[in-house]
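S.K.: Take this structure, written in structure tokens, and hold onto it; I'll ask about it next.
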Amino acid sequence: MCASDAVRRKGYETRGGVTAKGRAANVAVTIQPTGKAAMKHGESVVDTALCR
85 MCASDAVRRK GYETRGGVTA KGRAANVAVT IQPTGKAAMK HGESVVDTAL CR
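Residue numbers are given in our numbering: position 3 of the sequence shown equals residue 87, and the series is strictly consecutive.
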């Protein structure tokens, strides 16, 4: 199972997660996503890294 989480701070956003087997991925961006499509893309980046 893959799980991810988002953390938003002033000026940047991080997304990360870890699998039950210990595989981890973290992504940081300096531009806040403004639309649903951009937010889904950020989620898919982490999911792809975790679930490959």
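In this text, a Cβ means the ideal position worked out from N, Cα and C, and glycines have one as well.
Might you give, ordered along the chain, the residues of its own chain that have their beta carbon closer than 7 Å to the beta carbon of residue 95, omitting 5 neighbours on each side?
M.R.: Closer than 7 Å at Cβ, skipping near neighbours: 114.
S.K.: Strictly under 8 Å for the Cβ-Cβ distance: is residue 119 near chain C by that measure?
M.R.: Considering every chain present, this structure includes no chain C. It has just one protein chain.
S.K.: Check each candidate in 126, 109, 110, 111 and name the one with the smallest Cα separation from residue 117.
M.R.: If we check each option's Cα against that of residue 117, 126 comes out closest.
S.K.: Under the rule that 16 or more other beta-carbon atoms within 10 Å means buried, what is residue 101, buried or exposed?
M.R.: Buried, because 16 or more other Cβ atoms sit within 10 Å of the Cβ of residue 101.
S.K.: Quick check: the Cα distance between residue 109 and residue 135, rounded to an integer number of angstroms?
M.R.: Taking the straight line joining both Cα atoms gives about 10 Å.
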